[in-house]
Amino acid sequence: MTNGLVTLEVGDGVASITLNRPEKLNAISLELWDDLEAALEEVRGGSVVRVVRIKGAGRAFCSGYDMTSSSSVYSMAPPDRAHGATPGERKPTELGESLLVRDRERLRENIERWLRIWNYRKPIIAQVHGHCLAGGLDLIGVADIVCASEDARFGHPASRGLGIPPTLGMLPMKIGAAKTKRLLFTGDTIDGLTAERIGLADEVYPVDQLDTQTLALCRRIAGVPSDALNLHKHVVNRWSEIMGLRLGALEGAEFDAMFHVTPASEEFGRIVADQGLKAALAWRDAAFVEPSETE
């Protein structure tokens, strides 16, 4: 891929796409996202590839959105930082647009990108180990099946002060309203076994079996004709969309943009700018007993 941030291997009807920023725990930057979409596009057509597996290199599947990169996916810091102003100096743009409106538009564009992956013509299987946080939830939310290791960690610690997952990781549809609120109200993380119990993960294996078992499932799926897989996927997706998945996901832009102008989110951005990300995470998690679990 152009930026070298994903790898692609094809065999036995399976395309294996690996997020390849292990030094950043595969945090999502614009370049990584572009490479992921390019890899998906490369294997979109034909029937040689019938199923896509997405996994992460190194210690984690995906630690979320990259909050330190100059090519942030969305407002990694509050909107004033994203547009060059200093904290407390919110100003209209040259066109007279509010930063809140621009943030909302950017978030909506990002959600549309996720929904395009949701509607990808071939089954997508997410293989999760290590951390799957924040933007990682958005990624597994648009996958068709989630396979995880028992010790994987799922959650959205950013709900404690930075924002919400733009698509909510499709959590209300997958695990229901109450369990979604439980995760967002606390910012806690859960392990793979708990994720399977509540419906966030579909299959869970010991970490040393995750790769072989997930690949075996992908190969089994690849035994079905590609047109049948496409129709099966999209009839189920249509049911989900009729129940409100698309509209609900797009609403995330409204609420995430509002979150970014709350005092807590602005303070988080100020600390990131002045003291660094580690200091901001320590401030965010100070009220919690085990803050290290959420970093």
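The opening position of the sequence shown corresponds to residue -17 in this note's numbering, with each subsequent residue numbered one higher.
Yeah, the Cβ is synthetic: ideal placement off N, Cα and C, and Gly gets one too.
Treat the numbers as computed from the prediction; the structure is a model and nothing was measured.
Endpoints, beta strand (DSSP E) assigned at K37: Sequence index remark: in the sequence shown, residue 37 carries index 55 (1-based). K37 -> beta strand (DSSP E) spans 33 to 38.
In DSSP terms, what C44 is bridged to: Looking up residue 44 in the sequence shown gives position 62. Looking at the DSSP assignment, C44 forms a beta bridge with C114.
Start-end ranges of the alpha helix (DSSP H) lying completely within the segment -15 to 23, minimum 4 residues: none
A268 (DSSP reduced to helix, strand or coil): What you label residue 268 is simply residue 286 of the sequence shown in a count that begins at 1. Residue state, collapsed to three classes: coil.
Close beta carbons around R135, own chain, < 6 Å, minus the five adjacent residues each side: Position 153 of the sequence shown, counted from the first residue, corresponds to residue 135. Excluding sequence positions up to five before and after R135, its CB lies within less than 6 Å of the CB of H113, T171, all in the same chain and listed in chain order.
Reduced DSSP category for R135 - H, G, I as helix; E, B as strand; rest coil: The residue you call residue 135 lines up with position 153 of the sequence shown. The DSSP-derived three-state label of R135 is strand.
Neighbourhood of R3 by C-beta distance below 7 Å, restricted to the same chain and skipping five residues each side: Your numbering for residue 3 matches position 21 in the sequence shown. L(-13), A9, L14, listed in sequence order.
Buried versus exposed, by CB contacts within 10 Å (16 or more), M225: By one-based count along the sequence shown, residue 225 stands at place 243. Counting the other Cβ atoms within 10 Å of the Cβ of M225 gives fewer than 16, which makes it exposed.
Cβ neighbour criterion (16 or more within 10 Å) applied to G70: Numbered from its first residue, the sequence shown carries residue 70 at position 88. With a pLDDT of 44 at G70, under the threshold of 50, the modelled position of that residue is not reliable, and the figure given next carries that caveat. G70 comes out exposed.
Residue from R220, D133, R142 with nearest C-alpha to V189: Within the sequence shown, numbered from 1, the residue matching residue 189 stands at position 207. When each option's Cα is compared against that of V189, the closest is D133.
Assigned secondary structure, T244 (DSSP; H/G/I helix, E/B strand, else coil): Numbered from its first residue, the sequence shown carries residue 244 at position 262. Residue state, collapsed to three classes: coil.
C-beta contact flag for G46 and T0 at 8 Å: Indexing the sequence shown from 1 puts residue 46 at position 64. Indexing the sequence shown from 1 puts residue 0 at position 18. Their beta carbons are not under 8 Å apart, which means G46 does not touch T0 by this criterion.
Identity of the residue in I36, P154, S11 nearest C200 by Cα: Counting from one through the sequence shown, the residue named residue 200 turns up at place 218. The shortest C-alpha separation from C200 is found at I36.
Option nearest T149 by Cα separation, candidates A210, G(-5), D17, L232: Translated into the one-based positions of the sequence shown, residue 149 becomes position 167. Ranking the options by Cα distance to T149, first place goes to L232.
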